Structure formats: C-alpha cells, structure tokens
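Reading through the structure tokens given below for one structure.
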Amino acid sequence: MSKFRTPLKNVRGLGAAKTGTEHFVHQRLTATALIPLTLWFLVFVLSLVGSDYAAATEAVSKPWNAVLLVGFLIAMFWHAQLGLQVVLEDYIHNSLLALALQTTVKFIAVLGAIVSVFAVARIALGVA
Numbered sequence: 001m002s003k004f005r006t007p008l009k010n011v012r013g014l015g016a017a018k019t020g021t022e023h024f025v026h027q028r029l030t031a032t033a034l035i036p037l038t039l040w041f042l043v044f045v046l047s048l049v050g051s052d053y054a055a056a057t058e059a060v061s062k063p064w065n066a067v068l069l070v071g072f073l074i075a076m077f078w079h080a081q082l083g084l085q086v087v088l089e090d091y092i093h094n095s096l097l098a099l100a101l102q103t104t105v106k107f108i109a110v111l112g113a114i115v116s117v118f119a120v121a122r123i124a125l126g127v128a
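UniProt numbering puts the sequence shown at residues 1 to 128.
Quick look at the structure:
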C-alpha cells in the first residue's frame with residue numbers, strides 16, 4: 001500500500017524542522033566573517049615566517065592579534081560544523097549513523113574551538 005503514496009503524501013503533517021533559515025543565516029554570517037579574518041590570518045602567519053618561538057608568542061600575545069585569532073578560530077570551527085552538518089544531512093540516509101556522525105562532528109568542533117581558544121588565551125596572558 002505504501003508504494004502508491006506520493007512523496008508529498010508521505011511528509012504531509014510532519015511539519016517543518018523550523019531551523020533551516022537560522023542554519024542558512026548562520027552559515028552565511030560565519031562565511032562573511034571569515035573573509036576578512038582569513039585575510040588577516042594569512043597576513044599574520046606570513047609575517048611570522050622565519051620567526052622564532054619567542055617572536056611568534058609575542059605577536060600572538062598582542063591584544064588585537066589575540067582577539068582576531070580567537071574570532072577566526074570560533075568562526076572557522078562554527079562554519080566547518082555547519083557545512084559538515086549539511087553534507088551529512090544530504091548524503092547519510094541511515095538515521096542512527098547520521099545521528100552518530102552529527103554528534104561526533106559537533107563534539108570535535110566544540111572541542112577544537114575550546115582547545116584553540118584556550119591555547120591563544122594562555123599565550124596572550126603569558127602563561128605559555
């Protein structure tokens with residue numbers, strides 16, 4: 001009997017997920033923020049080519065550099081997580097595997113952001 005149902009009939013009454021627009025906006029905002037932050041990051045890293053550890057930590061510990069680096073890291077991990085979420089939703093059709101992968105991606109993104117921001121904070125505060 002179910003083989004005679006149209007795709008519209010199968011989804012009717014299930015309602016909307018109600019997060020598509022928010023996800024879209026967040027992905028575009030992080031992408032927009034990453035444009036100037038990535039340009040700054042490239043200039044910053046290229047300025048450190050040939051520098052030793054002390055010069056690199058001194059450059060990161062400057063307040064503007066530390067703030068911009070933290071902004072870059074947060075935007076990058078958030079944007080990566082949002083992009084991978086879309087890829088997994090589109091291509092992983094096993095619901096249990098999709099849930100496991102979505103959870104893993106989110107965990108890795110949050111952990112990566114926390115560890116990265118902590119490392120920058122240690123350098124910026126002179127603890128490193």
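For glycine and all other residues, C-beta sits at the position ideal for the given N, C-alpha and C.
Predicted model only: the values in this text are computed from it and were never measured.
In the displayed model, LYS106 falls within a helix according to three-state DSSP. Around the Cβ of TRP64, a 10 Å sphere holds fewer than 16 other Cβ atoms; the residue is exposed.
Of all alpha-carbon atoms in LEU88, HIS93, ALA121 and ALA75, the one lying nearest the alpha-carbon of GLN102 is that of LEU88.
The Cβ atoms of PHE72 and ALA113 lie no closer than 8 angstroms to each other. With respect to VAL120, ALA66 sits close: the two C-beta atoms are nearer than 8 angstroms. Annotation for ALA98: LEU88, GLU89 and ILE92 place their beta carbon closer than 8 angstroms to its own, counting only its chain and skipping 5 residues before and after.
In the three-state reduction of the DSSP assignment, SER51 falls in the coil class.
Assigned with DSSP and collapsed to three states, ASN94 falls in coil, not helix or strand.
With respect to LEU46, ALA75 sits apart: the two C-beta atoms are not nearer than 8 angstroms. In this structure, the alpha-carbon of VAL25 lies about 14 angstroms from that of GLN81. In the three-state scheme derived from DSSP, where H, G and I count as helix and E and B as strand, GLY112 is classed as helix. A buried status is given to LEU69, since no fewer than 16 other beta-carbon atoms sit within 10 Å of its beta-carbon.
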